[in-house]
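Each position in the sequence shown, counted from 1, maps to that position plus 500 in my numbering.
Beta carbons are placed, not taken as given, at the ideal position from N, Cα and C, and that holds for glycine.
Bear in mind the structure is a predicted one, so any value in this text is a computation, not a measurement.
Data block below; observations after.
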Amino acid sequence: IEGDASSASYFLALGAICGGPITVVGCGTTSIQGDKHFGTILEKMGAHVQWGENNITVSSPQKGCRLKGIDVDCSDIPDAAMTLAVVALFAKGTTTLRNIGSWRLKECDRLKAMVTELNKLQQRHNIGKNHIPYDENEDNDEKVAEKIAVEGFDCLTIHPPPLGSDGFPLMTTRVSINTYQDHRMAMCFSLIACTKVRVTIQDPDCTKKTFPSFFKELNRITTHTNIEPSTHDLT
């Protein structure tokens, strides 16, 4: 029985955004799962990917290079595409995920949920193109362009924040993520905690649906996480 390629996507993404290399065993070139193509998309974004029949290894682009934004049809990777939305925060240039209308029919309306939670990461004092502080209550024509994430009928566009001196995108320093009782919301947003952002995951037990040991595995392979998988504030 193959390993779950959707669950593998979180660790492959970690390799792409935090250095790596990270190897996932149980899914590779011989896999029949559509989500194995997540690795192919990471390659197109500039990550270094090595393929085996039953494993995939991912690491960040070579020194001095960055992941690059991509316009991609995600109809073959609807679950792993959620992870891709988080990876897009670390890329240079806009990323658009297309044909993800099925997100609206999952554990929650994932398209609306992803947009809401991604925009919580906006650093309010970022000044610059597409990153001017905005008031959610204001009615102005430019407000959409100022947000990190913009929702379409069956697509999602991510405008990544500018980079800080540490090489990570400039985002808020603390965020509480609502999971909407959706295991994939909890797991993909946990990756952000591997930067300087301190993350609280609400209802972390929702991951028990498909990956009960997710937080344990995440902590096992990382040397730095700012995550508290509970409903309490971070300390």
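I need the DSSP call for residue i, collapsed to helix, strand or coil.
i, result
"Thr-530", "coil"
"Ile-692", "helix"
"Thr-540", "helix"
"Pro-704", "helix"
"Ile-517", "helix"
"Asn-555", "strand"
"Lys-716", "helix"
"Lys-612", "helix"
From residue i to residue j, what distance separates their C-alpha atoms?
i, j, result
"Pro-662", "Pro-669", "6 angstroms"
"Gln-562", "Leu-512", "16 angstroms"
"Met-614", "Val-572", "17 angstroms"
"Gln-702", "Ile-648", "21 angstroms"
"Leu-567", "Ala-588", "8 angstroms"
"Ile-532", "Ile-522", "21 angstroms"
"Thr-679", "Cys-574", "22 angstroms"
"Thr-741", "Asn-619", "Residue 741 is absent from the model: the chain starts at 501 and stops at 735."
"Glu-617", "Thr-529", "33 angstroms"
"Lys-708", "Glu-553", "28 angstroms"
"Ser-690", "Pro-712", "14 angstroms"
Could you round the C-beta distance between residue i and residue j to whole angstroms and report it? I think they count as a contact, below 8 angstroms.
i, j, result
"Thr-596", "Thr-657", "5 angstroms"
"Val-586", "Cys-694", "The Cβ separation is near 10 angstroms, so there is no contact."
Relative to the alpha-carbon of residue i, which residue among the options has its alpha-carbon at the smallest distance?
i, options, result
"Glu-651", "Glu-607, Ile-570, Lys-612", "Lys-612"
"Asn-599", "Asn-619, Ala-580, Gly-539, Ala-591", "Ala-580"
"Thr-722", "Leu-514, Val-587, Gly-664", "Leu-514"
"Gly-534", "Ile-577, Gly-569, Asn-555", "Ile-577"
"Met-685", "Phe-538, Gly-664, Tyr-510, Ile-570", "Tyr-510"
"Val-675", "Lys-716, Ser-559, Gln-623", "Gln-623"
"Leu-542", "Lys-709, Lys-708, Ala-591, Thr-529", "Ala-591"
"Cys-740", "His-548, Thr-529, Phe-711, Ile-677", "Nothing about residue 740 can be reported from this structure: the residues present for the chain run from 501 to 735 only."
"Ser-602", "Gly-593, Asn-619, Phe-653", "Phe-653"
"Thr-540", "Gly-564, Pro-712, Ile-570", "Ile-570"
"Thr-557", "Phe-538, Cys-565, Gly-564", "Phe-538"
For residue i, I'd like the list of residues in its chain whose CB is within less than 8 angstroms of its CB, leaving aside the five on either flank, ordered along the chain.
i, result
"Gly-628", "With a pLDDT of only 46 at Gly-628, under 50, the local geometry of the prediction cannot be trusted, and no value is derived from it."
"Val-697", "Leu-621, Met-671, Thr-672, Thr-673, Arg-674, Val-675, Asn-726"
Can you name, in chain order, every residue of its own chain whose Cβ lies under 6 angstroms from the Cβ of residue i, other than the five neighbours on each side?
i, result
"Asp-682", "Glu-607, Cys-608"
"Gly-503", "Gly-526, Cys-527"
"Ala-508", "Val-524, Cys-527"
Output needed for residue i: all residues of its chain with C-beta closer than 7 angstroms, excluding positions within five of it in sequence on either side, in chain order.
i, result
"Lys-536", "Ala-505, Cys-527"
"Asp-705", "none"
Consider the Cβ of residue i: report whether some Cβ of chain D lies at a distance smaller than 9 angstroms.
i, result
"Gly-546", "Looking for chain D here will not work: only one protein chain is present."
Using a threshold of 8 angstroms, is the CB atom of residue i nearer than that to any non-hydrogen atom of the ligand SAH?
i, result
"Ala-591", "Among the components modelled here there is no ligand, and therefore nothing to report on the ligand SAH."
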